[in-house]
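Peer 1:
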Amino acid sequence: MDFRWDVILNNLPLLFRGVSLTFQLTVIAVGIGTIIGLVFALMRVSHFRPLVWLAKGYIDFLRGTPLLVQISLVHYAAPQFVSQLLGRQTNWPALISAIIALSLNSGAYIAEIFRGGIQSIERGQMEAARSLGMTYGQAMRYIILPQAFRRSIPPLGNEFIAMLKDSSLVSVIALHELMMAGRVIAGRTFRPLEVYMAVAILYLLMTMTISQFVSYMERRLGKSDQSD
Amino acid sequence: MIRVTNLKKNFGRLEVLRGISCQVEEQEVVVVIGPSGSGKSTFLRCLNQLEAATEGQIYINGVNITDPRTNINKVREEVGMVFQRFNLFPHKTALQNVALAPIKVKKIPPPQAEEMAMKLLTRVGLEDKAHQYPDKLSGGQQQRVAIARALAMHPKIMLFDEPTSSLDPEMVGEVLEVIRDLAREGMTMVVVTHEMGFAREVGDRVLFMDEGLIVEEGPPQELFSSPKNKRTQAFLSKIL
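Laid out in structure tokens, this is it:
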């Protein structure tokens, strides 16, 4: 059996560009998703019903529908809607759609991660903070969130890895991330075996690097606090 | 200084407090005793509105704290609380635990707040533990830091919710010693406790609670040696 290494080697620049875009997309999506997630987690644990419902609706919708559908909604359905609204043809680049869809999706998962973190903090912490005259916001900011965030790091690492893999779905809107690079090369060379093996290994290298980094972070942050 | 009239608290259908009225004068140390489930902790937690009252009024220095228009955060600055489970902030050092609220709530500059925090830690005998995290401290030490933390806001009233109940026996003394000092300095205090010896020694007045009511109250010598109410007698005969 012949395995054409040269197919991989000749296309390494294209593959690496794919790696780079995949990585950038993931970092941006998880970054924006963290902000979205924090906002919705705070709404979710608030005592103001409408905010709770809004957050629940958001989280349920994005976790309960396929990411592929969400990407199509942002890239195809939303432009149609906006076009009809404005009365003229409107669309936006695939990169923008990809960032929006991945961020919104990641935001829902991260909201649940933060909610779990916040609710895992013993009730006495909030009570102690409030008994000292802190407002709810101050207690959240200085007491609850720092502890909750620390506990959220392992699941955030998992979310990062999941998002890195799921970002391959944006290849359907023709964005040249790693998966799309693989498809293009495979189509051009008729060597799917070599190309997709290379793509898989590149994904694996990325996810392994990230999980190493996450466990390093855990150890570093774990040092200064772990009581209960 | 504290005036409570007809305070009631329900948790759903459960009536935990069924009409409590009492007063605490300035510099007075009031000790609350009673069987578990009698509502003593709930009563104490109503005094800084960690539990919202279902009915009745609580006045602290003339301010009705059960009125929703009252800024409860301002009131809490003047009412310190010490919890059974310490509730120190685990991600902060002992010093930071004490200095945090003055810095964030009273906007005292950090160096000044830390200097004051250090003085308070010295007062509770823990200046050498200032830079330790709570999980490196014993229970007794944690509780003393918690007392210093409450004192850092310069409260006019201190509430103690079974401050020695989750301590190993050999650490009870060091915590009671700190509370005793506070009493001597004239701090107004309400203490929920199971330490009867301590109640007798520092209490100016003892309230005996059972089933959500104050059943009997009086000076400790009187209440402990010649209780009038049958339930007080039954309770005291079990634990003394």
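First to last, the sequence lines map onto chains C and Z.
Read in order, the letters of the first sequence correspond to residues 1 to 228 in our numbering.
Read in order, the letters of the second sequence correspond to residues 229 to 468 in our numbering.
Note that beta-carbon positions come from the ideal geometry of N, C-alpha and C, so glycine has one too.
Computed from a predicted model, the values in this text were never measured in an experiment.
Relative to the C-alpha of C:R17, which candidate in C:F190, C:Y136, C:A78, C:V184 has its C-alpha closest?
Peer 2: Locating residue 17 of chain C in the first sequence gives position 17, counting from the first residue. The residue with the shortest Cα to Cα distance from C:R17 is C:V184.
Peer 1: Using C-beta distances below 7 Å, list every residue in its chain close to Z:V291, excluding the 5 sequence neighbours before and after it, in chain order.
Peer 2: Here residue 291 of chain Z corresponds to residue number 63 of the second sequence, with the count starting at 1. Closer than 7 Å at Cβ, skipping near neighbours: T298, V303.
Peer 1: Out of Z:I375, Z:H359, Z:G368, which one is the CA nearest neighbour of Z:R351?
Peer 2: Residue numbering aside, residue 351 of chain Z sits at position 123 when the second sequence is read from its first letter. For Z:R351, the nearest C-alpha among the options comes from Z:I375.
Peer 1: For Z:R251, which residues does DSSP report across the bridge?
Peer 2: The residue labelled residue 251 of chain Z in the question sits at position 23 within the second sequence. The sequence shown places Gln at residue 251 of chain Z, not Arg. In the DSSP output, where bridge partners are listed per residue, Z:Q251 has Z:R231.
Peer 1: Mapping DSSP to helix, strand and coil, what is C:D225?
Peer 2: By one-based count along the first sequence, residue 225 of chain C stands at place 225. The predicted model places C:D225 with a pLDDT of 48, which falls under 50 and marks its position as unreliable; any figure quoted below should be read in that light. Here C:D225 sits in coil by DSSP.
Peer 1: Taking only beta-carbon atoms, is C:A148 less than 8 Å away from chain Z?
Peer 2: Within the first sequence, numbered from 1, the residue matching residue 148 of chain C stands at position 148. No, because no Cβ of chain Z sits closer than 8 Å to the Cβ of C:A148.
Peer 1: Write down the C-beta distance between C:I59 and C:E112 rounded to the nearest angstrom, noting that I regard them as a contact closer than 8 Å.
Peer 2: Taking the first sequence and counting its residues from 1, the one referred to as residue 59 of chain C is at position 59. Taking the first sequence and counting its residues from 1, the one referred to as residue 112 of chain C is at position 112. Correct: roughly 6 Å between the Cβ atoms.
Peer 1: Mind checking who Z:Q285 pairs with in its DSSP beta bridge?
Peer 2: Within the second sequence, numbered from 1, the residue matching residue 285 of chain Z stands at position 57. BP columns for Z:Q285 point to Z:T233.
Peer 1: Looking at the structure shown, is Z:N301 part of a helix, part of a strand, or coil, going by DSSP?
Peer 2: What you label residue 301 of chain Z is simply residue 73 of the second sequence in a count that begins at 1. Three-state DSSP puts Z:N301 in a helix.
Peer 1: Given C:I207, which residues of its chain have a CB within under 8 Å of its CB, disregarding the five upstream and five downstream residues?
Peer 2: Here residue 207 of chain C refers to the residue found at position 207 of the first sequence. Sequence check: residue 207 of chain C is Thr here, not Ile. Counting only Cβ-Cβ distances below 8 Å, and skipping sequence neighbours, we find I161, L164, K165.
Peer 1: Using the DSSP secondary-structure output, state which residues sit across from Z:N238 in a beta bridge.
Peer 2: In the second sequence, residue 238 of chain Z corresponds to position 10, counting from 1. BP columns for Z:N238 point to Z:E243.
Peer 1: C:G33: which of C:L204, C:R219, C:G107, C:Q212 sits nearest, CA to CA?
Peer 2: What you label residue 33 of chain C is simply residue 33 of the first sequence in a count that begins at 1. Out of C:L204, C:R219, C:G107, C:Q212, C:G107 has the C-alpha closest to the C-alpha of C:G33.
Peer 1: Quick one: which chain Z residues come within Cβ less than 8 Å of C:Q138?
Peer 2: Stepping through the first sequence from its first residue, residue 138 of chain C is reached at position 138. Residues of chain Z passing the Cβ test: K332, V333.
Peer 1: Looking only at its chain, what residues have a beta carbon closer than 6 Å to the beta carbon of C:G157, apart from the 5 residues adjacent to it on each side?
Peer 2: One-based indexing of the first sequence puts residue 157 of chain C at position 157. V214.
Peer 1: Report the CB separation of Z:V260 from Z:V419 in whole angstroms; it is logged as a contact under 8 Å.
Peer 2: Residue 260 of chain Z sits at position 32 when you count from the first residue of the second sequence. Residue 419 of chain Z sits at position 191 when you count from the first residue of the second sequence. Correct: roughly 7 Å between the Cβ atoms.
Peer 1: Going by C-alpha to C-alpha distance, which of Z:M386, Z:D363, Z:I407, Z:M437 sits closest to Z:T416?
Peer 2: If you number the second sequence from 1, residue 416 of chain Z lands on position 188. Nearest option by C-alpha distance: Z:M386.
Peer 1: So within the segment 50-98 of chain C, which uninterrupted beta strand (DSSP E) runs reach at least 3 residues, ignoring any that extend past its ends?
Peer 2: If we require 3 residues or more, the segment 50-98 of chain C turns out to have no beta strand (DSSP E) run fully inside it.
Peer 1: Measure the Cβ-Cβ separation of Z:T421 and Z:V403 and say whether it is below 8 Å.
Peer 2: As a first step, residue 421 of chain Z is located in the second sequence; it is residue number 193 there, counting from the start. As a first step, residue 403 of chain Z is located in the second sequence; it is residue number 175 there, counting from the start. The answer is no: Cβ separation not under 8 Å.
Peer 1: Quick check: is the beta carbon of Z:Q461 nearer than 8 Å to any beta carbon in chain C?
Peer 2: In the second sequence, the residue the question calls residue 461 of chain Z occupies position 233. Taking Cβ atoms only, chain C never reaches closer than 8 Å to Z:Q461, which makes this a no.
Peer 1: Could you list the residues in the segment 142-171 of chain C with a C-beta less than 9 Å from some C-beta on chain Z, going in chain order?
Peer 2: So the list reads Y142, I143, P146, Q147, R150, given in the order they occur along the chain.
Peer 1: Return helix, strand or coil for Z:V373, following the three-state DSSP convention.
Peer 2: Residue mapping note: residue 373 of chain Z aligns to position 145 of the second sequence, counting from 1. Three-state DSSP puts Z:V373 in a helix.
Peer 1: Buried or exposed: where does Z:P338 fall if 16 or more other Cβ atoms within 10 Å of its Cβ makes it buried?
Peer 2: Counting from 1 along the second sequence, the entry for residue 338 of chain Z is found at position 110. Exposed, by the Cβ-count rule.
Peer 1: Compare the C-beta of Z:L328 with all C-beta atoms of chain C and state if any pair is closer than 8 Å.
Peer 2: For this step, residue 328 of chain Z is matched to residue 100 along the second sequence. Yes, because at least one Cβ of chain C sits closer than 8 Å to the Cβ of Z:L328.
Peer 1: Restricting to Cα atoms, I'd like to know which of C:V195, C:R219, C:S211 is closest to C:N11.
Peer 2: Within the first sequence, the letter at position 11 stands for residue 11 of chain C. For C:N11, the nearest C-alpha among the options comes from C:V195.
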